[in-house]
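In terms of my numbering, the sequence shown is residues 1103 to 1342. Think of the CB as a built atom: it goes at the ideal place given N, C-alpha and C, for glycine as much as any other residue. A short write-up of the structure that comes next.
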Amino acid sequence: MIPLRDANPTRRTPLVTLSLVIACFVVFAWELGLQASGGDSSLEAFITTWGVVPADLTAAWARGDYLSHETATLLTSQFLHGSWFHLLGNMLYLWIFGNNVEDRFGRAGFLGFYLLGGALAGLTQVAIDPTSTIPTIGASGAIAATLGAYFVCFPRARVTTLVFLGFFYQLIDVPAVIVLGFWFVLQLIDGILSLGTVQAGGGVAFFAHIGGFVVGALLARLLLRVSPGLRGSATPPGVG
């Protein structure tokens, strides 16, 4: 199931979501430039420096160095991607679901939510494999938090989804609770199956996805509880 768009219009231009998408593309262009000028070794050094390396982060925190470069990578890693497929897949989900969460939480609120959700998602992956020396990168954790918030805030929103049935495919409108619930279950299954493997599912940080989604859903419920005004009204039909 690949979501393509949702029938959930916003009240204002999603400037933060758009800025995050642009920032990820700009950083990826920088990565491509490093690879072109310095080769794979230059790119790998950049990713190792700015991605989350669990062993380095746990070592820094073990010595009480919480305000460190290693801690900062919980944020910087959210803007790094390993391939065009990685980038485009993440940006598709961010654009479809981020605009509505931004509309509900407000621009400043969404930016804080997104970065915090991504950092906590990264920590979930670190907790699963704290001695790993493989850098974790990508916006997936922050986007997973956004999906969790969307799941809570807009469960009945209709999402136009591309469904593959063997060699055939079909476009169908599916409630967000089903699309995102299916996505979460897949991450959970893949995460459990990846436990004990050498590179945790071929390098995919499944537990960052799982942790991000759970954190996002819980934070959304908390925000809606303490700020009833964020609940909004029923969303009119349309394409968002």
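Quick one: give me the first and last residue of the alpha helix (DSSP H) that residue i is part of.
i: residue 1327; result: 1308–1328
i: residue 1130; result: 1117–1152
Tell me, to the nearest whole angstrom, how far the beta carbon of residue i is from that of residue j; I am working on the premise that it is less than 8 angstroms.
i: residue 1259; j: residue 1125; result: Rounded, the Cβ-Cβ distance is 26 angstroms, inconsistent with contact.
i: residue 1250; j: residue 1317; result: 7 angstroms
i: residue 1219; j: residue 1314; result: 6 angstroms
i: residue 1111; j: residue 1200; result: At roughly 14 angstroms, the Cβ-Cβ gap does not stay under 8 angstroms, so residue 1111 and residue 1200 are not in contact.
i: residue 1324; j: residue 1332; result: About 11 angstroms separates the two Cβ atoms, so there is no contact after all.
i: residue 1162; j: residue 1170; result: 5 angstroms
i: residue 1242; j: residue 1310; result: 6 angstroms
i: residue 1221; j: residue 1177; result: 6 angstroms
Would you kindly report the start and end of the unbroken beta strand (DSSP E) that includes residue i?
i: residue 1244; result: Not the beta strand (DSSP E): residue 1244 falls in the alpha helix (DSSP H), residues 1242–1255.
i: residue 1270; result: 1270–1277
i: residue 1232; result: Run containing residue 1232: none; DSSP gives neither H nor E here.
i: residue 1106; result: 1104–1109
i: residue 1332; result: Unbroken run through residue 1332: none, as it is neither H nor E.
Looking only at C-alpha atoms, which of the options sits nearest to residue i?
i: residue 1277; options: 1256, 1230, 1296; result: 1256
i: residue 1308; options: 1204, 1245, 1127; result: 1245
i: residue 1233; options: 1248, 1151, 1164; result: 1164
i: residue 1189; options: 1328, 1263, 1239; result: 1239
i: residue 1279; options: 1252, 1136, 1128; result: 1252
i: residue 1282; options: 1248, 1204, 1177; result: 1248
i: residue 1231; options: 1210, 1160, 1268, 1120; result: 1160
i: residue 1306; options: 1320, 1319, 1290; result: 1290
i: residue 1235; options: 1242, 1241, 1227; result: 1227
i: residue 1114; options: 1209, 1269, 1224, 1287; result: 1209
i: residue 1118; options: 1293, 1203, 1327, 1267; result: 1203
Practice item. Specify whether the region 1261–1273 and the region 1179–1192 touch according to this definition: at least 3 beta carbon pairs, one from each stretch, less than 8 angstroms apart. Key: no
Practice item. Taking 8 angstroms as the threshold, find out whether the region 1104–1124 comes into contact with the region 1190–1205 through three or more Cβ pairs. Key: yes
**Study point:** Those runs of the alpha helix (DSSP H) which lie wholly inside the region 1146–1216 and span at least 4 residues
**Key:** 1156–1164, 1171–1178, 1186–1207
Exercise for review: Specify whether the region 1198–1217 and the region 1136–1146 touch according to this definition: at least 3 beta carbon pairs, one from each stretch, less than 8 angstroms apart.
Suggested key: no
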